[in-house]
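Participant: Sending over a structure as structure tokens; questions will come in a sec.
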Amino acid sequence: MLRLNNIKTFYGNIQALDDVTIKISEGEIITLIGANGAGKTTTLMSISGLTPPRTGEVMFLGEPIHELSPNRIVTMGISQVPEGRRIFPHLTVLENIDMGAYLRSDKEGIKKDIEYIFDLFPILAERRGQAGGTLSGGEQQMLAISRALMAKPRLLLLDEPSLGLAPKVIRQIFDIIVQINTEHKTTIFLVEQNANLALKVADRGYVMENGRIILSDTAQNLLSNESVKKAYLGI
Amino acid sequence: MEHFQYFIELFLGGLTRGSIYALIALGYTMVYGIIQLINFAHGEIYMIGAFTSLIVAVVLTSLGFNQLSIIILASLIAVIYSSAYGYTIEKIAYKPLRNAPRLSALISAIGMSIFLQNYVQLAQTSDFVPFPSLIPDFDFVEPFAHIISTQEIIIILTTAVVMILLTILIKFTKIGKAMRATAQDREMALLTGVDVDLVISVTFIIGSATAAIGGFLIASHIGMINFYIGFIAGIKAFTAAVLGGIGSIPGAVLGGLVLGWTESFATGYISSDYEDVFAFALLVLILIFRPAGILGRTTAQKV
Amino acid sequence: MFMTFTILVIKVDPIQRSVSWRWENMVMVGVGSFFLSFLWRYAMARKLAGNKNMAEGKILKTTIIQRLMEDPKLFRPALIFLAVFVVAFPFIFSHYQINIMTTALIYVVLGLGLNIVVGLAGLLDLGYVAFYAVGAYSYALLNYHFGLNFWFALPIGAGLGCLFGILLGFPVLRLRGDYLAIVTLGFGEIIRLVMENWNEFSFGPSGIANIPRPDFFGHEFSLQNATIFTYFIMIGLALLTIFFVNRLQNSRIGRAWIALREDEIACQSMGIDKTKTKLTAFALGATWAGMVGVMFAAKTTFINPPSFTFMESAIILSIVVLGGAGSITGVILGALILSLAPEYLREVREFRMLAFGACMVLMMVFRPQGLITNVRRVYKFEKSPDSKKEQNL
Amino acid sequence: MKDILEVKKLTMDFGGLRAIDNLDLDIQEKEIVALIGPNGAGKTTFFNCITGLYQPTGGDIVITPPGKPAERINGLKPNYVTQRGLARTFQNIRLFQNMTVLENVMIGRHCRTYAGVASAMFKTAFQRREENKIVQDSYEVLEKIGLSEYVNELAKNLPYGAQRRLEIARAMATDPFLLLLDEPAAGMNPQETRELDDLIIRIRDREGISILLIEHDMKLVMSLSDRIFVVDYGRKIAQGTPDEIKENPVVIKAYLGEDLDAQA
Numbered sequence: 009m010l011r012l013n014n015i016k017t018f019y020g021n022i023q024a025l026d027d028v029t030i031k032i033s034e035g036e037i038i039t040l041i042g043a044n045g046a047g048k049t050t051t052l053m054s055i056s057g058l059t060p061p062r063t064g065e066v067m068f069l070g071e072p073i074h075e076l077s078p079n080r081i082v083t084m085g086i087s088q089v090p091e092g093r094r095i096f097p098h099l100t101v102l103e104n105i106d107m108g109a110y111l112r113s114d115k116e117g118i119k120k121d122i123e124y125i126f127d128l129f130p131i132l133a134e135r136r137g138q139a140g141g142t143l144s145g146g147e148q149q150m151l152a153i154s155r156a157l158m159a160k161p162r163l164l165l166l167d168e169p170s171l172g173l174a175p176k177v178i179r180q181i182f183d184i185i186v187q188i189n190t191e192h193k194t195t196i197f198l199v200e201q202n203a204n205l206a207l208k209v210a211d212r213g214y215v216m217e218n219g220r221i222i223l224s225d226t227a228q229n230l231l232s233n234e235s236v237k238k239a240y241l242g243i
Numbered sequence: 041m042e043h044f045q046y047f048i049e050l051f052l053g054g055l056t057r058g059s060i061y062a063l064i065a066l067g068y069t070m071v072y073g074i075i076q077l078i079n080f081a082h083g084e085i086y087m088i089g090a091f092t093s094l095i096v097a098v099v100l101t102s103l104g105f106n107q108l109s110i111i112i113l114a115s116l117i118a119v120i121y122s123s124a125y126g127y128t129i130e131k132i133a134y135k136p137l138r139n140a141p142r143l144s145a146l147i148s149a150i151g152m153s154i155f156l157q158n159y160v161q162l163a164q165t166s167d168f169v170p171f172p173s174l175i176p177d178f179d180f181v182e183p184f185a186h187i188i189s190t191q192e193i194i195i196i197l198t199t200a201v202v203m204i205l206l207t208i209l210i211k212f213t214k215i216g217k218a219m220r221a222t223a224q225d226r227e228m229a230l231l232t233g234v235d236v237d238l239v240i241s242v243t244f245i246i247g248s249a250t251a252a253i254g255g256f257l258i259a260s261h262i263g264m265i266n267f268y269i270g271f272i273a274g275i276k277a278f279t280a281a282v283l284g285g286i287g288s289i290p291g292a293v294l295g296g297l298v299l300g301w302t303e304s305f306a307t308g309y310i311s312s313d314y315e316d317v318f319a320f321a322l323l324v325l326i327l328i329f330r331p332a333g334i335l336g337r338t339t340a341q342k343v
Numbered sequence: 174m175f176m177t178f179t180i181l182v183i184k185v186d187p188i189q190r191s192v193s194w195r196w197e198n199m200v201m202v203g204v205g206s207f208f209l210s211f212l213w214r215y216a217m218a219r220k221l222a223g224n225k226n227m228a229e230g231k232i233l234k235t236t237i238i239q240r241l242m243e244d245p246k247l248f249r250p251a252l253i254f255l256a257v258f259v260v261a262f263p264f265i266f267s268h269y270q271i272n273i274m275t276t277a278l279i280y281v282v283l284g285l286g287l288n289i290v291v292g293l294a295g296l297l298d299l300g301y302v303a304f305y306a307v308g309a310y311s312y313a314l315l316n317y318h319f320g321l322n323f324w325f326a327l328p329i330g331a332g333l334g335c336l337f338g339i340l341l342g343f344p345v346l347r348l349r350g351d352y353l354a355i356v357t358l359g360f361g362e363i364i365r366l367v368m369e370n371w372n373e374f375s376f377g378p379s380g381i382a383n384i385p386r387p388d389f390f391g392h393e394f395s396l397q398n399a400t401i402f403t404y405f406i407m408i409g410l411a412l413l414t415i416f417f418v419n420r421l422q423n424s425r426i427g428r429a430w431i432a433l434r435e436d437e438i439a440c441q442s443m444g445i446d447k448t449k450t451k452l453t454a455f456a457l458g459a460t461w462a463g464m465v466g467v468m469f470a471a472k473t474t475f476i477n478p479p480s481f482t483f484m485e486s487a488i489i490l491s492i493v494v495l496g497g498a499g500s501i502t503g504v505i506l507g508a509l510i511l512s513l514a515p516e517y518l519r520e521v522r523e524f525r526m527l528a529f530g531a532c533m534v535l536m537m538v539f540r541p542q543g544l545i546t547n548v549r550r551v552y553k554f555e556k557s558p559d560s561k562k563e564q565n566l
Numbered sequence: 069m070k071d072i073l074e075v076k077k078l079t080m081d082f083g084g085l086r087a088i089d090n091l092d093l094d095i096q097e098k099e100i101v102a103l104i105g106p107n108g109a110g111k112t113t114f115f116n117c118i119t120g121l122y123q124p125t126g127g128d129i130v131i132t133p134p135g136k137p138a139e140r141i142n143g144l145k146p147n148y149v150t151q152r153g154l155a156r157t158f159q160n161i162r163l164f165q166n167m168t169v170l171e172n173v174m175i176g177r178h179c180r181t182y183a184g185v186a187s188a189m190f191k192t193a194f195q196r197r198e199e200n201k202i203v204q205d206s207y208e209v210l211e212k213i214g215l216s217e218y219v220n221e222l223a224k225n226l227p228y229g230a231q232r233r234l235e236i237a238r239a240m241a242t243d244p245f246l247l248l249l250d251e252p253a254a255g256m257n258p259q260e261t262r263e264l265d266d267l268i269i270r271i272r273d274r275e276g277i278s279i280l281l282i283e284h285d286m287k288l289v290m291s292l293s294d295r296i297f298v299v300d301y302g303r304k305i306a307q308g309t310p311d312e313i314k315e316n317p318v319v320i321k322a323y324l325g326e327d328l329d330a331q332a
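Following this line, the structure appears as structure tokens:
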């Protein structure tokens with residue numbers, strides 16, 4: 009469904025990604041783990057077009073998308089929940105959710121999906137009139153996921169959804185992620201620092217270090233891999 | 041009683057003047073809100089609006105059109121032209137600098153402003169040009185004519201209408217929501233599928249259109265225009281925008297009115313020589329003591 | 174781009190006047206914009222390509238001037254030639270030419286002064302001309318009321334400029350970026366408007382005439398010689414400025430300015446007093462403006478408020494920007510180009526300001542770092558290898 | 069051992085939001101102390117309060133530099149705090165990008181030197197001596213931190229790990245008695261992190277500088293620190309030695325969480 013073929017991405021002069029190749033099939037949950045600054049977020053940005061790769065190609069459903077603008081890529085069916093949530097702080101919760109459906113024009117469908125979101129996260133229904141910036145970290149994360157879901161994506165990119173959240177909330181978020189995957193067959197590409205957690209929900213995983221993919225295997229195998237254990241799972 | 045009437049005159053004068061500032065300030069505020077750039081060339085857009093409406097009006101008069109159609113056509117064409125200019129300016133001078141330091145964009149804006157001033161000066165004239173008085177006096181205003189003229193009423197009403205329309209646009213329409221989202225987080229807006237370039241262009245177009253309306257109204261009110269009117273008006277409108285809290289639509293209107301009254305009362309009661317000094321002094325004081333403006337919100341500095 | 178193209182053509186309309194229809198302008202603009210849009214696209218493409226090259230580590234070609242500066246073999250003779258030229262200039266060229274050159278030198282000093290504030294400390298000052306006006310008016314008024322001569326007025330003008338710099342500096346310390354720019358602009362306009370309206374003090378719009386030229390220990394020159402003398406004083410002032418600014422830039426204070434420009438928060442956290450550093454930048458910049466202001470009054474013998482409009486500030490700013498903010502050579506070059514070019518290209522003089530504005534935009538879009546890039550600031554720190562040796566021993 | 073930094077009941081409000089809530093913390097001479105907690109727990113805000121970038125709403129910050137009397141430094145401007153001997157680095161690197169490596173460190177010397185405008189313009193003997201000394205001192209700092217190979221490079225052209233170390237070098241140049249490091253290992257690879265570990269220990273042992281660091285890399289924190297403070301929602305939830313913290317159920321629940329569960 010999505011293929012990154014040997015992409016190299018730069019920030020100005022600094023090379024952030026080197027020869028990254030990743031394959032994602034329909035319906036999978038794939039995770040990308042690695043240390044802070046390894047290039048995980050850059051990988052997502054290369055897919056969503058915010059920092060397009062300088063060389064290599066990104067293929068989505070058989071079409072190259074690495075030269076499209078970010079908003080076109082959203083049209084193709086890729087939504088992102090960025091690192092740090094990036095809620096529009098002065099829009100209300102409902103408006104934030106609405107923004108997710110920016111590209112859709114089926115009023116009925118949107119209405120139904122909002123209902124669905126409010127079922128999924130009842131707390132958001134309670135706070136629909138509140139400004140997004142006043143929510144707690146966990147609520148913001150739920151809102152960010154809802155916003156991305158409103159676009160009816162075929163591929164959902166999640167960047168560090170557990171970042172800075174209480175363990176209890178993290179578990180809740182991860183349950184929802186799995187639920188989204190099973191209920192809607194939405195493919196999920198999950199970037200996480202919390203490798204343990206990510207590998208438990210994922211089908212397959214990639215390990216990144218210094219802008220390169222150093223390992224890729226099924227989540228099960230990665231969990232029991234000695235070097236992964238040492239570098240990313242232990243204290 | 042005489043005192044009171046003088047006060048009322050100054051009050052209404054300030055209201056009219058403030059409405060004009062508000063109209064121009066709206067454009068400033070919208071552009072600043074969305075790309076955090078002081079669009080120095082905005083005053084020039086207003087000046088071009090005034091000139092375009094003058095040219096159209098004169099041409100149409102010589103062709104023998106009636107007054108109403110002249111007013112409509114002149115303002116309409118002024119709006120279209122100014123919008124086109126606003127759009128082009130953004131594409132040439134600001135878009136390539138979107139990721140550059142803000143200083144670069146500001147200097148580019150000043151350059152654009154200088155360019156447009158001299159462009160009009162060369163293409164037209166550096167002298168003041170008389171502007172035909174287009175707006176007729178309504179009969180029902182007659183009893184109050186010594187306090188307020190028809191033109192003034194129209195100016196005030198237009199500002200109110202424009203403000204309400206803009207508020208509706210921004211609060212309730214899809215493009216309005218996209219504008220607010222872009223202003224708050226441009227990258228995230230892109231990631232929700234907003235065509236940010238388009239939204240910014242639309243903002244410039246709307247801002248320029250309001251400036252053109254302002255240009256048309258003030259030109260017919262004062263009756264004289266030249267290539268330099270944009271600069272002073274631009275600075276004052278910017279003052280108004282900052283005064284009300286830059287980025288806020290009602291703030292721009294409020295700021296415009298406050299500035300208008302300040303000038304009106306200060307020149308009326310203190311001295312008419314220092315009209316512009318009052319405006320600048322107010323600007324300096326506001327920026328130093330309350331940079332977020334009257335309706336603005338203070339944001340904590342991130343470290 | 175095609176959208177722009179159509180609009181550029183439609184743009185022509187405001188050119189028509191009701192009485193005279195000037196279709197020929199429309200045709201010219203149409204043709205011109207057609208070619209310009211191609212040029213624009215080409216330049217944009219080149220810019221993008223350039224970015225890519227830089228990123229891939231290709232070294233940019235150094236400009237001729239940079240090579241000249243770096244190679245002492247070329248640099249020394251060039252300097253000697255320049256010195257001879259400068260000294261001989263007034264004896265070769267006409268009265269008129271000397272005046273132009275003096276004006277150009279005034280802009281050199283103004284540019285260098287503003288460079289301290291904008292280029293080094295990174296504080297965008299759009300009201301710089303106010304200090305220039307302060308200097309000019311202080312000489313004119315002191316002379317009018319007390320008959321003070323040029324040589325006494327020079328330091329007083331500089332001092333008053335400095336004082337105003339501090340006066341402006343204090344309230345605006347908290348402001349940054351574009352707000353600072355607007356406040357300084359407002360300040361500059363206030364000074365001019367006060368000069369224009371306060372008739373009892375500054376003689377209003379009519380200005381002050383008959384300001385004496387500089388004398389030489391009481392000896393007054395004929396008009397011809399006075400011009401030459403003024404020219405040499407200005408050369409002296411310019412050299413003095415270059416000398417001092419160069420030293421300041423490479424000093425502890427200069428580094429603090431640059432650090433302030435680079436990152437205000439980190440700068441404070443490294444123990445630099447933000448208030449003091451900003452104030453010194455403002456005060457020093459203003460000092461030079463005040464001094465040259467005196468010079469300006471003495472040279473033209475007549476001053477009035479329209480000499481000190483915002484446009485003047487914008488020109489000085491574009492000198493700094495065009496030359497390459499922070500680079501002394503760049504600023505000198507920028508000043509010479511911007512003040513001399515319009516004088517020598519008389520035919521296109523009416524387009525001068527038009528070209529000015531366009532240049533500012535184009536510079537920002539295509540070469541924001543200015544004519545002379547100030548990349549390598551390795552200056553005298555080559556000492557370090559010695560200390561390394563000592564360490565290792 | 070005596071406290072060189074003592075923070076009592078520190079509170080910081082932003083609008084209605086309480087970012088730091090009655091936080092107590094103390095550091096003793098030659099101690100390495102870590103401050104850990106989830107993102108958004110208020111760790112960086114705490115740094116900003118101590119170093120004068122923020123004005124705390126309440127509480128006391130008292131420093132006792134070696135050989136000097138105790139002093140309350142609440143609300144002092146950042147430059148004065150640095151002058152008193154507290155130096156810091158930043159979470160998102162804040163180097164002077166367009167200055168050379170050496171110049172960056174020279175800026176650090178600023179608050180320990182004196183030459184003013186006049187002496188710079190006239191290049192007095194004093195000024196020249198001082199300039200030489202600044203260059204010399206700065207170079208020495210670079211050698212200690214292991215950055216001497218980059219002396220004349222522009223800061224922005226340095227590799228990521230070297231930029232982080234340059235921030236430390238710059239802070240060291242201010243002659244601090246307490247160094248505050250905000251996520252010094254963020255973005256470093258395992259090799260660089262190990263080198264950082266050594267470097268921090270060396271700074272403590274050889275220079276006698278105490279260190280307070282915020283860090284997410286638990287391996288680094290556990291191996292380096294003498295004591296650890298854990299904060300969550302602006303409140304201190306635990307303090308103790310690394311071993312105590314590892315076992316502390318409150319910390320496991322709020323911060324370390326599932327990682328440890330899974331391991332066990």
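Sequence lines, in order, name chains U, S, D and P. Be aware that the first sequence starts at 9, since it is given in the numbering used here, and climbs by one per residue. Be aware that the second sequence starts at 41, since it is given in the numbering used here, and climbs by one per residue. Be aware that the third sequence starts at 174, since it is given in the numbering used here, and climbs by one per residue. Be aware that the fourth sequence starts at 69, since it is given in the numbering used here, and climbs by one per residue. Note that the Cβ used here is the ideal one computed from N, Cα and C, for glycine as well.
Anything in the segment 92-123 of chain U with a Cβ closer than 7 Å to a Cβ of chain S? List those residues in chain order, please.
Facilitator: Residues Arg94, Phe96, Pro97, His98, Leu99, Glu103, Asp106, Met107, Gly108, Tyr110 and Leu111.
Participant: Buried or exposed: which applies to Val318(P), given that a residue is buried once 16 or more other Cβ atoms fall within 10 Å of its Cβ?
Facilitator: Here residue 318(P) is taken as the residue at index 250 of the fourth sequence, counted from 1. Burial call: exposed.
Participant: Since Ile510(D) sits in a beta bridge, which residues does DSSP pair it with?
Facilitator: Along the third sequence, read from residue 1 onward, the residue named residue 510(D) stands at position 337. Ile510(D) pairs with nothing; no bridge assigned.
Participant: Starting from Asp26(U), follow the beta strand (DSSP E) in both directions and report where the run begins and ends.
Facilitator: Taking the first sequence and counting its residues from 1, the one referred to as residue 26(U) is at position 18. Taken as a continuous stretch (DSSP letters only), the beta strand (DSSP E) holding Asp26(U) covers Ile22 to Ile32.
Participant: Compare the C-beta of Leu52(U) with all C-beta atoms of chain P and state if any pair is closer than 9 Å.
Facilitator: Here residue 52(U) refers to the residue found at position 44 when the first sequence is read from its first residue. Chain P contact via Cβ: absent.
Participant: At which residue ranges does the segment 80-167 of chain P contain complete alpha helix (DSSP H) runs of 4 or more residues, listed in the order of the chain?
Facilitator: List check, alpha helix (DSSP H) in window: 111-118 and 146-152.
Participant: Judging by CA-CA distance, which residue of Phe483(D), Val465(D), Met484(D) and Leu252(D) is the nearest neighbour of Pro387(D)?
Facilitator: Position 214 of the third sequence, counting from 1, holds the residue named residue 387(D). Ranking the options by Cα distance to Pro387(D), first place goes to Val465(D).
Participant: Identify, in the order they occur along the chain, each residue of the same chain with its Cβ nearer than 8 Å to the Cβ of Val203(P), setting aside the five sequence neighbours on each side.
Facilitator: In the fourth sequence, residue 203(P) corresponds to position 135, counting from 1. Around Val203(P): Leu170 and Met174.
Participant: Identify each residue in the segment 124-144 of chain P for which the Cβ-Cβ distance to at least one residue of chain D is less than 9 Å, and report them in chain order.
Facilitator: So nothing in the stretch comes that close.
Participant: Output the boundary residues of the beta strand (DSSP E) element that contains Asp167(U).
Facilitator: Position 159 of the first sequence, counted from the start, is the residue given in the question as residue 167(U). Run containing Asp167(U): Leu163 to Asp167, per the beta strand (DSSP E) assignment.
Participant: So, at 8 Å on beta carbons, what are the nonlocal neighbours of Asn112(P) in its own chain, with the 5 sequence-adjacent residues on each side left out?
Facilitator: In the fourth sequence, the residue the question calls residue 112(P) occupies position 44. Correcting the residue identity first, residue 112(P) is Thr in this sequence and not Asn. The residues are Gln159, Asp250 and Ile282.
Participant: Check whether the Cβ of Ala159(U) lies closer than 9 Å to any Cβ atom in chain P.
Facilitator: Working through the first sequence from its first residue, we reach residue 159(U) at position 151. No, Ala159(U) does not count as interfacial toward chain P.
Participant: Looking only at its chain, what residues have a beta carbon closer than 7 Å to the beta carbon of Gly105(P), apart from the 5 residues adjacent to it on each side?
Facilitator: Here residue 105(P) is taken as the residue at index 37 of the fourth sequence, counted from 1. Taken in chain order, the residues that qualify are Lys111, Val298, Val299, Asp300 and Tyr323.
Participant: Hey, which unbroken runs of the alpha helix (DSSP H) at 4 residues or more fall wholly within the segment 212-245 of chain P?
Facilitator: Counting only runs of 4 or more, we get 228-240.
Participant: Using 9 Å as the limit for Cβ to Cβ distance, is Thr453(D) near chain P?
Facilitator: Walking along the third sequence from the start, residue 453(D) turns up at place 280. Closer than 9 Å to some Cβ of chain P, the Cβ of Thr453(D) qualifies, so yes.
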